[in-house]
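Undergrad:
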Amino acid sequence: MAKTLAEEIAAFSAALSYESIPDLVLGKCKELVLDSVGCALGGVSSEPARIVGEVMKALGGVGESTVIGSKRRLPVTAAAVVNGVMLRYLDFNDTDYGTKTGGHHSEILPCALAVGERQRASGRDLLDAIVIGYEIQCAFTDTIDFFSAGLHGVTLGAVAAPAVAGKLLKLDVKRMANAIGLSCT
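Residues in the sequence shown are numbered consecutively from -5, following my numbering.
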């Protein structure tokens, strides 16, 4: 029986290990993380970040992950949302002009940072998951013209984020494929 695309992505994600990532890729990944955190810091005091932060705080829950630029902790999903608003506020985060579609692949970083903190992931595990997110998104932007299909490159977050989170949560291939499939529906 043929594997679904979600299963192939999950298998790739589960198999990738920090040790197999070339030094050049790790260096670029670290650079993009620092650049993106800088972009998020530029959005800390923005009105959208303030509003979303208030809404997420009002929803309540256990503080599992840090909101960038503060001591505030929110549930993992809420922290990822607030940090994502901050990261995109200045719109200076990375841009990939793939051969078919472009995108801001650093949009997976708020998910990676929030889940990684919650899971107490090592720096290696975090970089491993981030590289997975970038690899997935770059593979798609190099092969599919999302714009011609009436979609935007940001759509790729629905594929990459569950793989990133799944890697950090140490999901098996089946559970990660299910997460990717649910996210894309």
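Beta carbons: idealized from backbone N, C-alpha and C, even for Gly.
Can you have a look at residue 126 and say buried or exposed, based on whether 16 or more other CB atoms are within 10 angstroms of its CB?
TA: Its Cβ being crowded by 16 or more others within 10 Å, residue 126 is buried.
Undergrad: So residue 124 is in the alpha helix (DSSP H); what residue range does that whole segment cover?
TA: Taken as a continuous stretch (DSSP letters only), the alpha helix (DSSP H) holding residue 124 covers 117 to 137.
Undergrad: By a C-beta neighbour count over all protein chains shown, 10 Å radius and 16 as the cutoff for buried, is residue 89 buried or exposed?
TA: Its Cβ having fewer than 16 others within 10 Å, residue 89 is exposed.
Undergrad: With distances taken Cα to Cα, identify the nearest neighbour of residue 106 among 167, 98 and 121.
TA: Comparing Cα positions, the closest option is 121.
Undergrad: Quick check on the burial criterion: 16 or more other C-beta atoms within 10 angstroms. Buried or exposed for residue 168?
TA: Residue 168 comes out exposed.
Undergrad: Give me the Cβ distance between residue 115 and residue 73, rounded to the nearest whole Å; I'm assuming they're in contact under 8 Å.
TA: Actually they do not touch by this definition, with Cβ atoms about 14 Å apart.
Undergrad: Mind checking whether the beta-carbon of residue 74 lies closer than 7 Å to any heavy atom of the ligand MN?
TA: This structure does not include the ligand MN; it has no bound ligands of any sort.
Undergrad: My assumption, with CB atoms under 8 Å, is that residue 155 sits in contact with residue 102. Please give the rounded CB distance.
TA: The Cβ separation is near 6 Å, so the contact holds.
Undergrad: Assess contact between the segment 31 to 46 and the segment 72 to 87, defined as three or more Cβ pairs (one per stretch) separated by less than 8 Å. Is contact present?
TA: Yes: at least three Cβ pairs fall under 8 Å.
Undergrad: In the DSSP assignment, what residue or residues form a beta bridge with residue 97?
TA: BP columns for residue 97 point to 90.
Undergrad: Kindly indicate the opening and closing residues of the alpha helix (DSSP H) around residue 58.
TA: Run containing residue 58: none; DSSP gives neither H nor E here.
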